[in-house]
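In UniProt numbering, the protein residues as written are 1 to 116.
What follows is the structure in structure tokens.
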């Protein structure tokens, strides 16, 4: 695991590199004008999660996330550009991948399952 301080240090480094949005935010609600589709499109060719991004776009599954908290002037922490595993240190990649996967999950509908 990573300590909270280590997470923040890595997140700030990724923010300074233009890879993640501002990390010192508690906001969990996307602004209505946040371009979710543009962020999704940037990730469609990424080998690890591009298939998920394509699926969300092709099925028009993404939902403008409801709820969340709007605190201050910053968006929730999101990827701001596509990064490759080669350009990041392993610990940076781990945090970046977590943020991207969380972002993708936040756009999908609620899970439905059947009990048998």
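Where a beta carbon is used, it is the ideal one built from N, C-alpha and C, also for glycine. For clarity, every value in this text was computed on a predicted model and none was experimentally measured.
Taking all protein chains shown into account, decide if residue i is buried (16 or more other Cβ within 10 angstroms of its Cβ) or exposed.
| i | result |
| --- | --- |
| residue 21 | buried |
| residue 19 | buried |
| residue 53 | buried |
| residue 99 | buried |
Compute the distance between the beta-carbons of residue i and residue j, then report whether it is under 8 Å.
| i | j | result |
| --- | --- | --- |
| residue 82 | residue 42 | yes |
| residue 103 | residue 80 | no |
| residue 14 | residue 40 | no |
| residue 68 | residue 17 | no |
| residue 96 | residue 107 | no |
| residue 101 | residue 93 | no |
Just list the residues that DSSP pairs residue i with in beta bridges.
| i | result |
| --- | --- |
| residue 20 | 79 |
Quick one: what's got a C-beta closer than 8 Å to residue i's C-beta in the same chain, skipping five residues either side?
| i | result |
| --- | --- |
| residue 91 | 2, 6, 10 |
| residue 75 | 21, 22, 25, 27, 30, 31, 34 |
| residue 8 | 23, 24 |
Note down, in chain order, each residue of its chain lying with its Cβ closer than 6 Å to the Cβ of residue i, except the 5 sequence neighbours on either side.
| i | result |
| --- | --- |
| residue 154 | Shown here, the chain extends from 1 to 116; a query on residue 154 therefore has no answer. |
Tell me which residues share the same chain as residue i and place their Cβ nearer than 7 Å to its Cβ, disregarding the 5 neighbours each side in the sequence.
| i | result |
| --- | --- |
| residue 49 | 43, 100, 101, 104 |
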